[in-house]
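Notes to accompany the following structure.
Protein chains: 2
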Amino acid sequence: MNNFSYFNPTKIIFGKGRIAALTREIPADAKVLVTYGGGSIKSNGVYEQVKDALKSHKWLEFGGIEPNPRYETLMQAVEIVKKESITMLLAVGGGSVADGTKFIAAAARFEGEPWDILSKQAPVKSAVPMGVVMTLPATGSESNGFAVISRNATQEKLSFGSPHCYPRFAVLDPQTTFSLPQRQIANGAVDAFIHVIEQYLTYPSSARLQDRLAESILLTLLEIGTKALQPDADYETRAELVWCATLGLNGLIGCGVPQDWSTHNIGHELTALYGLDHARTLAVVLPGVLRNRKHEKREKLLQYAERIWGITSGSEDERIESAITRTETFFESLGVATRLSQCGIDADTAPETVAARLAARGEKLGEHGSITPDVINEILTSRL
Amino acid sequence: MNNFSYFNPTKIIFGKGRIAALTREIPADAKVLVTYGGGSIKSNGVYEQVKDALKSHKWLEFGGIEPNPRYETLMQAVEIVKKESITMLLAVGGGSVADGTKFIAAAARFEGEPWDILSKQAPVKSAVPMGVVMTLPATGSESNGFAVISRNATQEKLSFGSPHCYPRFAVLDPQTTFSLPQRQIANGAVDAFIHVIEQYLTYPSSARLQDRLAESILLTLLEIGTKALQPDADYETRAELVWCATLGLNGLIGCGVPQDWSTHNIGHELTALYGLDHARTLAVVLPGVLRNRKHEKREKLLQYAERIWGITSGSEDERIESAITRTETFFESLGVATRLSQCGIDADTAPETVAARLAARGEKLGEHGSITPDVINEILTSRL
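The listed protein sequences correspond, in order, to chains A and B.
So the first sequence is numbered by our numbering: it starts at 1439 and just counts up by one.
So the second sequence is numbered by our numbering: it starts at 1439 and just counts up by one.
Shown next, in the form of structure tokens:
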């Protein structure tokens, strides 16, 4: 087990009717900016619940944060925070709203050009306190200090993280997921599944407990995935999905183990270039990474095959191939395509374009830094 | 899944050589009281490492906190904290030192008779900030807000908890366990195992993920238990034990599920009356609770039998009995007795005495409140 530090101060407020807890979680004297996305919270009752909870607070609102939240949009909110002397941000929505609000929180206190937080990893020394009402189980953003932000002008999608950007609290009411389109539930399940994989499928590092914690989330997602997708999914199934998504990326399962975020890194480029849903890029890329890096991930792939898929017979290569194929089938069973050519883009040029962009940034990905631009090209070419 | 709130702000600092991190974790202007137990830290190098890390800090020390820390002792430290205007406590040792230091932290800021914190659950409104260097994996006290304190005069052993009593940080260097006597490692493994059981073996509550997280810790403890006990146990094995103990009682696996702390409650009385090691009381009591409440815990006992012990054949009762017997055998394989008569006490009168003491406090234990004094008597009588 590698040395590690783990600190996660976000208070989780989980369950039915918990949005009402905002009343006491947000200081009575706060001046709040409520941030949200395309407005679905106004039709599904969430906005009304937030409004009720904040009826004694002073608050303003800022809507229109888009999926893959854009720097250009977020900077408008930064202006409001400064002009209105906002003291607390409340993100109401999915991972994009939470991520965008983290950037607003950091940028509003940043001296200099806020884009440097993303492009130069300029240190974030403070941030406006924020809370989250998470309505879309997927990214884990409600309980970590990371955010991914896009910039229209340059077609970039970049990430940053800071201990100052942990939400003070995260309200998770699984009932808020009932109105989500099936596509978003499917994306969420795939996103959470792959977050876990990227902290798990590397090489053995004497971390039996972390392995089992990761496997716990994977097995639960497999059990509930298809059911969670149904429009009449019950509360309990959605509650499992929500808790899996949070624990998938709150830092815990990654403690003391090697990690491989190459699927996310490559996926971000596909989103930046072609506007594909985040989770859908991951479902395309992951099987390619696993097959291409099977020599480096052999032991963990065999463990994954046995513990997650119950595959114990056949040669090592057969067991590995079977586990990867079943992973693809799982994504497809949720309605998520696993091939670039199924994504409605000009797939043929994508491998080279993505590889060139990552090459320009000098990126070498994977737990061994062995995923060079050439390898990225190979991986994506195998996913046409 | 039940509604829940989860908040754990303790920063975990895990790994080889991490005691040096105290230098920056403790504010430079703090006046520190370092608390410890019987002095083993002075012979195993831990005290020297703490001293090195604090060489630019102002600090005093308070040794002699005993196993099952006593109110009478702790109140001496409270006097020092007040008299010397201590601003930070640093507990260096095992669960007893951490628990005792939490009480010192709360009592030093308490207006009124501090024993009320335990006997009347008087609310703790603030506490002196504290950190922990944990040298004995067992209680999870390094990352929760709970403490158990004994009082000589009345032979009581009572608990309290407060969000103000979470350690700010916990340094966990598995190397500090190398000098522990085998008995303490065994106690620690049993204590951690039973903490998990008490949050897991109740009734199904649509919490697949929490179940699997709990099972992850149990399976890991089973795999490493005997090996961890050996004097030549390697770093990796001890690291697993340390992380299992912390995650066993940091609140996570208990989120949203029913819990049954009856084994701990009954065990505390046995310690208070007869001075038995905490973990040893648990190893005696647990099998009795499980057999006696098997009608209430049937479904989870069957799940435990299958997932932890791989028992899938036989009648339900046979599978349950086999799982409980194998649990006893596991404790015994670590050198921990599971019968009262093996504990060197006048076992015959213990069941009635313990039941009477819990009756006097009006205690009804278990996830259904069905463990009345009569049932406690039955349980302990079955463990003679």
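Beta carbons are placed, not taken as given, at the ideal position from N, Cα and C, and that holds for glycine.
Beta-carbon neighbours of residue i, restricted to chain A and to distances below 9 angstroms
{"i": "Ser1600 of chain B", "result": "Simply none; closest approach about 15 angstroms."}
{"i": "Arg1905 of chain B", "result": "The requested residue 1905 of chain B does not occur in the structure, where chain B is confined to residues 1439 to 1822."}
{"i": "Leu1685 of chain B", "result": "Leu1647, Leu1651, Leu1690"}
Backbone secondary structure at residue i - three-state DSSP
{"i": "Met1526 of chain B", "result": "strand"}
{"i": "Ser1478 of chain A", "result": "helix"}
{"i": "Leu1556 of chain A", "result": "helix"}
{"i": "Phe1607 of chain B", "result": "strand"}
{"i": "Thr1473 of chain A", "result": "strand"}
{"i": "Val1586 of chain A", "result": "strand"}
{"i": "Ile1450 of chain A", "result": "strand"}
{"i": "Phe1445 of chain B", "result": "coil"}
{"i": "Leu1724 of chain A", "result": "helix"}
{"i": "Ser1700 of chain B", "result": "helix"}
{"i": "Val1571 of chain A", "result": "strand"}
{"i": "Phe1548 of chain A", "result": "coil"}
{"i": "Lys1540 of chain A", "result": "helix"}
{"i": "Phe1598 of chain A", "result": "strand"}
{"i": "Gly1713 of chain B", "result": "coil"}
{"i": "Gly1531 of chain A", "result": "strand"}
{"i": "Ser1564 of chain A", "result": "coil"}
{"i": "Pro1619 of chain A", "result": "coil"}
{"i": "Thr1461 of chain B", "result": "helix"}
{"i": "Val1488 of chain B", "result": "helix"}
{"i": "Thr1658 of chain B", "result": "helix"}
{"i": "Tyr1673 of chain B", "result": "helix"}
{"i": "Ser1643 of chain B", "result": "coil"}
{"i": "Val1628 of chain B", "result": "helix"}
Proximal chain A residues relative to residue i, where beta-carbon distance stays under 8 angstroms
{"i": "Cys1682 of chain B", "result": "Leu1647"}
Length of the line joining the Cα atoms of residue i and residue j
{"i": "Gly1455 of chain B", "j": "Tyr1673 of chain B", "result": "12 angstroms"}
{"i": "Phe1830 of chain A", "j": "Val1571 of chain A", "result": "Not covered by the structure: residue 1830 of chain A. The range shown for chain A is 1439 to 1822."}
{"i": "Glu1463 of chain B", "j": "Leu1711 of chain B", "result": "40 angstroms"}
{"i": "Val1472 of chain A", "j": "Asn1590 of chain A", "result": "24 angstroms"}
{"i": "Glu1707 of chain B", "j": "Glu1486 of chain B", "result": "37 angstroms"}
{"i": "Ala1536 of chain B", "j": "Pro1505 of chain B", "result": "11 angstroms"}
{"i": "Ala1458 of chain B", "j": "Phe1452 of chain B", "result": "11 angstroms"}
{"i": "Leu1596 of chain A", "j": "Gly1782 of chain A", "result": "24 angstroms"}
{"i": "Glu1737 of chain A", "j": "Leu1739 of chain B", "result": "33 angstroms"}
{"i": "Thr1719 of chain A", "j": "Thr1767 of chain A", "result": "16 angstroms"}
{"i": "Phe1607 of chain A", "j": "Pro1811 of chain B", "result": "41 angstroms"}
{"i": "Leu1498 of chain A", "j": "Val1722 of chain A", "result": "40 angstroms"}
{"i": "Gly1502 of chain B", "j": "Pro1619 of chain B", "result": "18 angstroms"}
{"i": "Gly1538 of chain A", "j": "Val1586 of chain A", "result": "8 angstroms"}
{"i": "Thr1511 of chain A", "j": "Asn1730 of chain A", "result": "38 angstroms"}
{"i": "Thr1664 of chain B", "j": "Thr1787 of chain B", "result": "33 angstroms"}
{"i": "Leu1685 of chain A", "j": "Val1634 of chain A", "result": "9 angstroms"}
{"i": "Tyr1742 of chain B", "j": "Glu1801 of chain A", "result": "46 angstroms"}
{"i": "Phe1769 of chain A", "j": "Ser1494 of chain A", "result": "45 angstroms"}
{"i": "Gly1532 of chain A", "j": "Lys1732 of chain B", "result": "43 angstroms"}
{"i": "Val1488 of chain B", "j": "Leu1690 of chain A", "result": "27 angstroms"}
{"i": "Gly1599 of chain A", "j": "Phe1584 of chain A", "result": "4 angstroms"}
{"i": "Trp1747 of chain A", "j": "Ile1758 of chain A", "result": "10 angstroms"}
{"i": "Phe1445 of chain B", "j": "Ser1753 of chain A", "result": "46 angstroms"}
{"i": "Gln1637 of chain A", "j": "Ile1479 of chain B", "result": "36 angstroms"}
Contacts that residue i makes with chain A (C-beta to C-beta distance below 7 angstroms)
{"i": "Tyr1384 of chain B", "result": "For residue 1384 of chain B there is no data in the structure shown, the boundaries of chain B being 1439 and 1822."}
{"i": "Glu1661 of chain B", "result": "Arg1646"}
Contact list for residue i against chain B, beta-carbon separation under 8 angstroms
{"i": "Ser1644 of chain A", "result": "Glu1674, Ala1677, Glu1678"}
{"i": "Ile1450 of chain A", "result": "Phe1442, Ser1443, Tyr1444, Phe1445, Cys1693"}
Amino acids of chain B, ordered along the chain, whose beta-carbon sits closer than 9 angstroms to that of residue i
{"i": "Lys1454 of chain A", "result": "Asn1441"}
Residue-level contact to chain E via CB, residue i, 8 angstroms cutoff
{"i": "Glu1770 of chain A", "result": "No chain E appears in the structure shown, which is made up of the protein chains A and B."}
Length at least 4, wholly inside the region 1741-1814 of chain A: the alpha helix (DSSP H) runs in chain order:
1754-1771, 1788-1798
Would you call the region 1612-1619 of chain A and the region 1633-1647 of chain B touching, i.e. three or more CB-CB distances under 8 angstroms?
no
Contact between the region 1621-1632 of chain B and the region 1561-1575 of chain B: three or more CB pairs below 8 angstroms?
yes
Secondary structure, beta strand (DSSP E): runs of 3+ residues fully inside the region 1490-1517 of chain B:
1496-1500
Is the region 1518-1537 of chain A touching the region 1555-1563 of chain A, taking contact as three or more C-beta pairs under 8 angstroms?
no
Evaluate the contact criterion for the region 1513-1527 of chain B versus the region 1546-1555 of chain B: three or more CB pairs, one atom per stretch, below 8 angstroms.
yes
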